[in-house]
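J.:
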Ligand SMILES: NC(=O)c1ccc[n+]([C@@H]2O[C@H](COP(=O)([O-])OP(=O)(O)OC[C@H]3O[C@@H](n4cnc5c(N)ncnc54)[C@H](OP(=O)(O)O)[C@@H]3O)[C@@H](O)[C@H]2O)c1
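Numbering (this note's numbering), first residue to last: 2 to 249.
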């Protein structure tokens, strides 16, 4: 698919992978809805995109709040008239051992990583079905195909994303001409670990940086562009991308 002139909604565009993907897609001529809660950060991303000649708008959106999502998608449609690509990227990872009972954090992960994906998908999919084309890209993780102690709920949410993606592909691929991809990165340099309140687990995650050269958000953007630019009859349903020196 030629990306120039297409319209994409990226959730979690205020930092990390979402920000990197937004900037890379803007360079390809994609018109972007930059969605997240921190509009000050989105403004910085927008300014950089515009400086490079790209087109985008800021969408204040909390993916856990269906009304906020509905309003955000309506704003995008008003701005650009259609939508072709959805990147369900917003996610959090406040991991902890089960027997520490950080139940609030479990619920937040379920709300953002699972319900958020459902909220945004259910708002965008009717538009893609109407136009009989589109591409939904969901951020799963290596934690959506392998299990790690300490990551129980996070793994559960990312296994959900992988399962939901592939079943969606089966149900809407042929029927509505919509491609679905789940991307499963290993370690990427972002601020994702900042929310880990368990000091031991956080230190463990931070120490990973000494063991390998992490992927960059731009590496993920490159892989996403490969997936999006594949010919229309090709659906890369899963993409597992790791640092070369990640041994597990
Ligand atoms: N970093 C890695 O190693 C790695 C590996 C595999 C998969 N992933 C996945 O990649 C995705 C992006 O993570 P990242 O690493 O780029 O982390 P990040 O830099 O912390 O970005 C997370 C993004 O999610 C947004 N977000 C969080 N809660 C939200 C909410 N309720 N509503 C709307 N947006 C929300 C944040 O924006 P606001 O706070 O402004 O709302 C932020 O833009 C996540 O799904 C993560 O699970 C990351």
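Cβ coordinates follow ideal geometry from the N, Cα and C atoms, glycine included.
#1: Starting from residue 185 and walking both ways along the alpha helix (DSSP H), at which residues does that stretch end?
#2: Report the rounded CA-to-CA distance for residue 80 versus residue 57, giving the unit in angstroms.
#3: Using the Cα positions of residue 138 and residue 211, report the straight-line distance between them to the nearest angstrom.
#4: Am I right that residue 140 and residue 182 are in contact with their C-beta atoms under 8 Å? What's the rounded C-beta distance?
#5: Among 17, 30, 126 and 201, whose alpha-carbon lies nearest the alpha-carbon of residue 177?
#6: Among 196, 226 and 236, which has the Cα closest to the Cα of residue 110?
#7: How many whole angstroms separate the CB atoms of residue 43 and residue 33, which I take to be in contact at a CB cut-off of 8 Å?
#8: How close, in whole Å, do the beta carbons of residue 188 and residue 22 come, if the pair is a contact with beta carbons under 8 Å?
#9: By how many angstroms is the C-alpha of residue 49 removed from the C-alpha of residue 172?
#10: Determine the burial state of residue 39: buried for a count of at least 16 other Cβ atoms within 10 Å of its Cβ, exposed for fewer.
#11: Three or more C-beta pairs closer than 8 Å, one from the stretch 155-174 and one from the stretch 202-211: is that the case here?
#12: Are the CB atoms of residue 89 and residue 46 nearer to each other than 9 Å?
#13: How would you label residue 136, buried or exposed, when you count the other beta carbons within 10 angstroms and need 16 or more for buried?
#14: Given a threshold of 16 other Cβ atoms within 10 Å of its Cβ, counted over all protein chains shown, does residue 191 qualify as buried or as exposed?
#15: Compute the minimum distance between the beta carbon of residue 43 and the heavy atoms of ligand 1, and state whether it is under 8 Å.
#16: Would you kindly check if the distance between the Cβ of residue 65 and the Cβ of residue 96 is under 9 Å?
#17: Determine whether the beta carbon atoms of residue 60 and residue 87 lie at a separation below 9 Å.
#18: Have a look at 224, 28, 74 and 68 and flag the residue whose alpha-carbon is nearest the alpha-carbon of residue 52.
#19: Quick one: grab the DSSP three-state call for residue 241.
#20: In angstroms, rounded to a whole number, what distance separates the CA positions of residue 104 and residue 185?
#21: Taking a contact to mean a Cβ-Cβ separation below 9 Å, would you say residue 30 touches residue 69 in this structure?
#22: Which ranges does the beta strand (DSSP E) cover as unbroken runs of at least 3 residues, wholly within the stretch 144-211, from first to last along the chain?
#23: Return the chain-ordered list of same chain residues with a C-beta closer than 6 Å to the C-beta of residue 63, the five sequence neighbours on each side being excluded.
T.: Concretely, from the data shown:
#1: Element bounds for residue 185: not the alpha helix (DSSP H) but the beta strand (DSSP E), 179-186.
#2: Spanning the two alpha carbons is a distance of roughly 9 Å.
#3: One alpha carbon belongs to residue 138, the other to residue 211, and they sit about 30 Å apart.
#4: The Cβ separation is near 10 Å, so there is no contact.
#5: With distances taken between Cα atoms, residue 177 lies closest to 126.
#6: Comparing Cα-Cα distances from residue 110 to each of 196, 226 and 236, the minimum goes to 196.
#7: No, residue 43 and residue 33 are not in contact; Cβ-Cβ is about 10 Å, not under 8 Å.
#8: That belief does not hold up - the Cβ atoms of residue 188 and residue 22 are roughly 17 Å apart, past 8 Å.
#9: Here the alpha carbon of residue 172 sits roughly 38 Å from the alpha carbon of residue 49.
#10: Looking at its Cβ environment, which holds fewer than 16 other Cβ atoms inside 10 Å, residue 39 is exposed.
#11: Note that the stretch 155-174 does not touch the stretch 202-211; fewer than 3 beta-carbon pairs, one per stretch, sit closer than 8 Å.
#12: For residue 89 and residue 46, no; Cβs fall outside 9 Å.
#13: By the 10 Å Cβ count, residue 136 comes out buried.
#14: Buried, because 16 or more other Cβ atoms sit within 10 Å of the Cβ of residue 191.
#15: Residue 43: yes, Cβ under 8 Å from ligand 1.
#16: Not a contact, by the Cβ cut-off of 9 Å.
#17: Going by C-beta atoms, residue 60 is not nearer than 9 Å to residue 87.
#18: With respect to the C-alpha of residue 52, the residue from 224, 28, 74 and 68 having the closest C-alpha is 28.
#19: Strand, per DSSP.
#20: Rounded to the nearest angstrom, the two C-alpha atoms are 25 Å apart.
#21: No. Outside cutoff.
#22: Unbroken beta strand (DSSP E) stretches of 3 residues or longer found wholly inside the stretch 144-211: 179-186, given in chain order.
#23: Cβ within range, chain order: 38 and 69.
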